Amino acid sequence: MTGDRDVLVIYDERMLQHRPEAEEPFLPGRMNSRVRGILDGLGLGVEAKWSYPEHPGRVTAVHDLLLAEPIPGVRLVPGEKATLEQLQRVHTTSYIESLHELEGQQAWLDIDTTAISAGSIEAAQVAAGSVIAAVDAVFEDKSDSAFVICRPPGHHANAVRARGFCLFNNIAVGAAHAQAHWDAERVLIVDWDAHHGNGTQDIFAADPSVMFFDTHRAAPFYPGTGQLDEVGEGLGEGTTVNVPLPGDAGDRAMIMAFERILVPAVEWFKPDLILVSAGMDAHITELCMAMTYDGYSALTGILQRLADKHCKGRLVMALEGGYNPDTLAKCTRATLDVMAGGEPVEPREPGMAEVAEIADFHNSAFADSE
Ligand SMILES: [Zn+2]
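Taken in order, the sequence shown gives residues 11 to 380; the numbers are from our numbering.
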């Protein structure tokens, strides 16, 4: 039952200091006017004001819900900053230096990603460092599993480039740390965010010791990668597993993908650690895919079962996307409840229980008329 397992949840206010704004001039001139054109009108001929969706209110909503409705077994602790050496395991030195040069400035790093003020780079260091702290916690047996409420997210960032609101690839930094520091031979990264984790895929494409399994809404949905035939490269061929899905795919499709594709892949790969890029934007309210809270509960049940069987329960999740603060918080809570030992919920067809109740109400009237 809930509370049977310890879950370390990392939440650190330094990650709130990343406060991107959409009003900054873009880099450089020609790109500037093109992107402005797209964002201002969205091609609809309407003046639409674009605000930056990846804002601090996302993670404060999660934190607030965990304080208002605490989960037995869940312990909240602050995070840690990643060191240069830890970041260099997956990012080039020149990329890390170029970010540091922007400290104190507000600037667009890429077509869809802003860095702003001194706080942004530190927030990104804390996001990546907190995933490392979470990995340390499960290897040191300080907790059964761990969840990092991190931002900026990470899975679109590759070795040399910020993209999709991501600066450092947090989950990749965590995987590299598990291998370098804890001698984990094989690490599985599951990415259930609605968007393809293109940065993570790039970083480990040729690495057979890291398996990358990604369910996402298929191209041309952002970022446009994650096709079925992207299976890894060179020595890493076969350890990249993409599951591109239609936008109306919901709980049952996701569970089937996990049971029919992930489970046999994990039986074959036998990881020492399971990491999860736990974006919550496949929830139906985000208009990307059609999952419900019960779906997150069920998927977590599958992952915990795999972690228990193959890697002494070692399961570490890090937040990625999720832009509706209310549903993001509830998806996270549903996930944490199962990590803490709660029974996974069996998803049902939405509305069925309500129709059954309403049918009882109306049917009594019809029974009288017979
Ligand atoms: Zn996403």
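Every residue, glycine too, gets a C-beta built ideally from N, C-alpha and C. All figures in this text were calculated on a predicted structure; none of them were measured in a lab.
query	result
Any residue with its Cβ nearer than 6 Å to a heavy atom of ligand 2 should be included. What is that list in chain order?	Although ligand 2 was asked about, the structure shown includes only ligand 1 as ligands.
Using alpha carbons as the reference points, say which of Met-349, Gly-332, Val-87 lies closest to Leu-313.	Met-349
What residue from Ser-219, Pro-162, Ile-81, Pro-256 has the CA that sits closest to Leu-245's CA?	Ser-219
On the DSSP bridge list, what partners appear for Cys-341?	DSSP, once it has assigned bridges, lists no residue as partnering Cys-341.
Going straight from the alpha carbon of Gly-242 to that of Ile-213, what length do you get?	10 Å
Exposed or buried, what is Val-69 when buried is set at 16 or more other beta-carbons lying within 10 Å of its beta-carbon?	buried
Can you check which of these residues, Gln-96, Lys-152, Glu-364, Thr-124, is closest to Val-17 by C-alpha distance?	Lys-152
Can you round the beta-carbon distance between Leu-97 and Ile-106 to whole angstroms, since I take them to be within the 8 Å contact cut?	5 Å
Along the chain, where does the alpha helix (DSSP H) containing Met-264 start, and where does it finish?	261-267
Just list the residues that DSSP pairs Ile-181 with in beta bridges.	According to DSSP, Ile-181 bridges with nothing at all.
Tell me whether the region 143-158 and the region 61-68 touch, counting them as touching only if at least three CB pairs, one residue from each stretch, are closer than 8 Å.	no
Relative to the C-alpha of Glu-23, which residue among Gly-13, Arg-99, Pro-88, Val-84 is closest?	Pro-88
In angstroms, rounded to a whole number, what distance separates the CA positions of Ala-58 and Thr-337?	Caution is warranted here: a pLDDT of 48 is assigned to Ala-58, below 50, making its placement in the model unreliable, and the coordinate value is therefore given only provisionally. Looking at the two C-alpha atoms, the distance is approximately 24 Å.
Just reading off the beta strand (DSSP E) that Arg-227 is part of, what are its end residues?	220-227
Cα separation between Ala-169 and Gly-305?	32 Å
Taking 8 Å as the threshold (C-beta atoms), are Thr-123 and Cys-176 in contact?	yes
Closest to Asp-74 by CA distance: which of Gly-361, Lys-340, Asn-373, Pro-357 is it?	Lys-340
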